[in-house]
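Down below is the structure, laid out as structure tokens.
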């Protein structure tokens, strides 16, 4: 989540330099409810000590209104099409959601 938050920050700066203003927080979608809870919960836990620096960075961006975290169920997580081996049905569903069409499909 930290890497994606940094990329969102960079992307917002790039858009601003191109003259495109983006108002409001950018959405950060995640299918890990535990990660979302840790990122939004300011309570310190001994078990999360090793990721505390990353959590502070994300919490800072959330509290400043730069990003907004949202849960997305694993079955509709679009990035899975690029990172996981999927069944044909799930692959077709995500491919359709991305708007990618097979140009060689019979008409």
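Numbering (my numbering), first residue to last: 74 to 180.
Beta carbons: idealized from backbone N, C-alpha and C, even for Gly.
Model, not experiment: these values are computed from the prediction.
For residue 142, there is no enclosing alpha helix (DSSP H); the residue is part of the beta strand (DSSP E) that begins and ends at 140-144. Rounded to whole angstroms, residue 130 and residue 176 show a C-alpha spacing of 43 Å.
Its chain contains 138, 139, 140, 141 as the residues whose beta carbon lies nearer than 7 Å to that of residue 98, once the 5 sequence neighbours on both sides are disregarded; these appear in chain order.
By the neighbour-count definition (other C-beta atoms within 10 Å, threshold 16), residue 171 is an exposed residue. Residue 145 and residue 126 have their C-alpha atoms some 25 Å from each other. Under the DSSP assignment, residue 101 falls in the beta strand (DSSP E) whose first and last residues are 99-103. Buried is the label assigned to residue 78, since at least 16 other Cβ atoms lie within 10 Å of its Cβ. Scanning 156, 152, 86, 114 for the CA closest to the CA of residue 136 turns up 114.
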